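Everything in the sequence shown is counted per our numbering, starting at 1 for the first residue and increasing by one.
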Amino acid sequence: SLGMVRIADELSIPVVITLHDHHPYCPRGQRIRDDKRNCRKILLDECLECLKPQTVGLGLTAKLAMYVLAKERGMQYLREMHKEIERQFSRAYRLISPSQFHKERLIEAGAPPDKTVVIPYGLDLSLVENVPARPKGAPVRKFGYLGTLIPSKGVDVLISAFKKMKSKDCELHVFGEAVPYHGQHDYDQRLKEMAQGLPIFFHGAYQPDQLPEVLTKIDAVVLPSRWYESFGITIREAVRAKRPVIVSDIGSFTEAIKHQENGLVCQAGDAGSLREAMEQLVQNPELAERLVEKSMEVETLENHRAKLLELYREAVSARKADASR
1 SLGMVRIADE LSIPVVITLH DHHPYCPRGQ RIRDDKRNCR KILLDECLEC LKPQTVGLGL
61 TAKLAMYVLA KERGMQYLRE MHKEIERQFS RAYRLISPSQ FHKERLIEAG APPDKTVVIP
121 YGLDLSLVEN VPARPKGAPV RKFGYLGTLI PSKGVDVLIS AFKKMKSKDC ELHVFGEAVP
181 YHGQHDYDQR LKEMAQGLPI FFHGAYQPDQ LPEVLTKIDA VVLPSRWYES FGITIREAVR
241 AKRPVIVSDI GSFTEAIKHQ ENGLVCQAGD AGSLREAMEQ LVQNPELAER LVEKSMEVET
301 LENHRAKLLE LYREAVSARK ADASR
């Protein structure tokens, strides 16, 4: 795909790139390792550890030989990859990030600061605007997770937190599809084993037009992500549907949710911190009501489209001006 940038530039076609995640600088896309630590800085040695070959079944000598050879080749490949990314990004007119947090991470990793801009995603939230409001003063009892079932999303942390809750008349509803994750295929099975004997319900994947039905079934939305999320569409859907939200303090989530103002924020990866936030909503219905009273500014699809068109036209004009010199 980077080759398309070069080809377009050589044909004098201006290029604008929207960067939805961390893939340009992280081959795994999420800047999180198998041990669930975040990569606060892009270091090629550590990138290589994430990508090292599988050596199951080999003897020690063979493993060492393969590792040394793979490391030398891998480092060379990663260095070349990063140089190529920098070359192609330098050809682009602008790089678009959906949030300020994501923009800062991209620049830290090597994106040109003068070319990287923020344009939040435009959303059509008309589907959720008619979700029935929760009855005034109603207790929060049904927590819901909406999203993909992969380790970086932290659903295991949510189940651990739910297990520790002192309030015993609560339920946890998990909505989302289980997908392979860097060679792991059993994460959803491990989640179900953790949930055995508890009022935790796995509903599987849902279609976009089923979102109102999903939100109607729950009292609060919990998003316990571990990775540097670049935006947070589900946050905005939940807030617009007047469902209190609990998020982890990582990535762009805290741009959207301010603790105790329009949601609750817990420490990423910390089941105890998440449990406390959930207990707050259970024990304090007034808090749940107050959190959903504050509206959140959301970019409309129309405004998003207008901003993109303006930027695209600007890119075309700039290329024409360069060509006329």
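Don't be surprised by glycine CBs; every beta carbon is placed ideally from N, CA and C.
As the structure is a prediction and not an experimental result, all values here were calculated from the model.
Here N284 is exposed, its C-beta having fewer than 16 other C-beta atoms within 10 Å. The segment 192-199 makes no contact with the segment 244-258; the number of CB pairs closer than 8 Å stays below 3. In the three-state reduction of the DSSP assignment, K142 falls in the strand class. Distances from the alpha-carbon of I250 to those of K242, G110 and G269 put G269 closest.
Taking T300 as the centre and dropping the five residues before and after it, the same chain places the C-beta of G122 closer than 7 Å to its C-beta, in chain order. Rounded to whole angstroms, the gap between the alpha carbons of P113 and E297 is 26 Å. Distances from the alpha-carbon of D45 to those of N303, L281 and G74 put G74 closest. A residue is called buried once 16 or more other Cβ atoms fall within 10 Å of its Cβ, and T116 is buried on that count. For a cut-off of 8 Å, the C-beta gap from L158 to V222 is around 6 Å, short enough to register as a contact. Within the segment 123-168, complete alpha helix (DSSP H) segments of at least 4 residues are found at 155-163, given in chain order. The Cβ atoms of I85 and Y25 sit closer than 8 Å to each other. With a beta-carbon spacing of about 13 Å, R236 and V292 fall beyond the 8 Å limit used to define contacts. Rounded to the nearest whole angstrom, the C-alpha separation of V179 and R226 is 17 Å. Taking the C-beta atoms as reference points, L78 is found no nearer than 8 Å to C50. Going by DSSP, F201 is part of the beta strand (DSSP E) stretching over I200 to G204. CA-CA distance, K142 to S230, rounds to 27 Å. The criterion of a C-beta distance shorter than 8 Å is not satisfied by L125 and V214. Per the C-alpha coordinates, the member of L11, P27, M4 and E10 positioned closest to I17 is M4. In this structure, DSSP gives C26 a state outside helix and strand, which the three-state scheme calls coil. One Cα belongs to M81, the other to K307, and the distance between them is close to 31 Å.
Considered as a whole, the segment 264-289 harbours 271-283 as its complete alpha helix (DSSP H) runs of no fewer than 4 residues, in chain order. Contact between the segment 195-210 and the segment 158-173 is established, with three or more Cβ pairs separated by less than 8 Å. Distance from the CA of H185 to the CA of S160, rounded to the nearest whole angstrom, comes to 20 Å. Here D35 is exposed, its C-beta having fewer than 16 other C-beta atoms within 10 Å.
Within 10 angstroms of the beta-carbon of I218 lie 16 or more other beta-carbons, which makes it buried.
When the Cα atoms are used, E129 and K294 turn out to be separated by approximately 15 Å. Considering only R290, L274, A277 and R305, the residue with the shortest C-alpha distance to V239 is R290. Judged by DSSP in its simplified three-state form, Y228 adopts coil rather than helix or strand. Excluding five sequence positions before and after A288, the CB atoms of its chain that fall closer than 6 Å to its own CB belong to V140, P244 and L281, given in chain order. Bridge pairing for A220: F143 [DSSP].
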